[in-house]
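J.:
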Amino acid sequence: MANLQTLLASPDQSVRLKAALAAGTYPDPEYIEILIAQCAHEPDFFVRDTLTPEFTKWVVRDSLSNLQTIPFDPLCGYIRS
Numbered sequence: 004m005a006n007l008q009t010l011l012a013s014p015d016q017s018v019r020l021k022a023a024l025a026a027g028t029y030p031d032p033e034y035i036e037i038l039i040a041q042c043a044h045e046p047d048f049f050v051r052d053t054l055t056p057e058f059t060k061w062v063v064r065d066s067l068s069n070l071q072t073i074p075f076d077p078l079c080g081y082i083r084s
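First residue of the sequence shown: 4, per our numbering; consecutive thereafter.
(1) Identify whether Asp47 lies in helix, strand or coil by the three-state DSSP scheme.
(2) May I ask you to report which of helix, strand or coil DSSP gives Tyr34?
(3) I think Leu20 touches Leu38, with their Cβ atoms under 8 Å apart; what is that distance to the nearest whole Å?
(4) By DSSP, does Pro14 sit in helix, in strand, or in coil?
(5) Please confirm whether Asp47 and Gln8 have their CB atoms less than 7 Å apart.
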C-alpha cells in the first residue's frame, strides 16, 4: 500500500475511511507515523474512529512514542490544528 498517504489526503471521506481500514487489514510498521499524523488532523469522526484502533496492531512502545507528538487536551481529546 505505497499510496496510503495519498489516499488519506483525499478530499473524499469514503476514500480515507477505506484507506484506514486497509491499513489495519494489512498492518505494516511503516504506517504508524502516517496514521498518527492523519489522526491528528482528520476532520471526519468515522475516519478518526477507524484510525485509532489501528495503532494497536503494532508494538505498543512504537505507537506510544509516535503518539507523544500529537497535542492532547484531556477535556477535549486530540487538538487539531
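Each residue gets a CB set at the ideal place from its N, CA and C atoms; glycine is no exception.
T.: Put simply:
(1) coil
(2) helix
(3) Actually they are not in contact, since the Cβ atoms of Leu20 and Leu38 sit about 13 Å apart, beyond 8 Å.
(4) coil
(5) no
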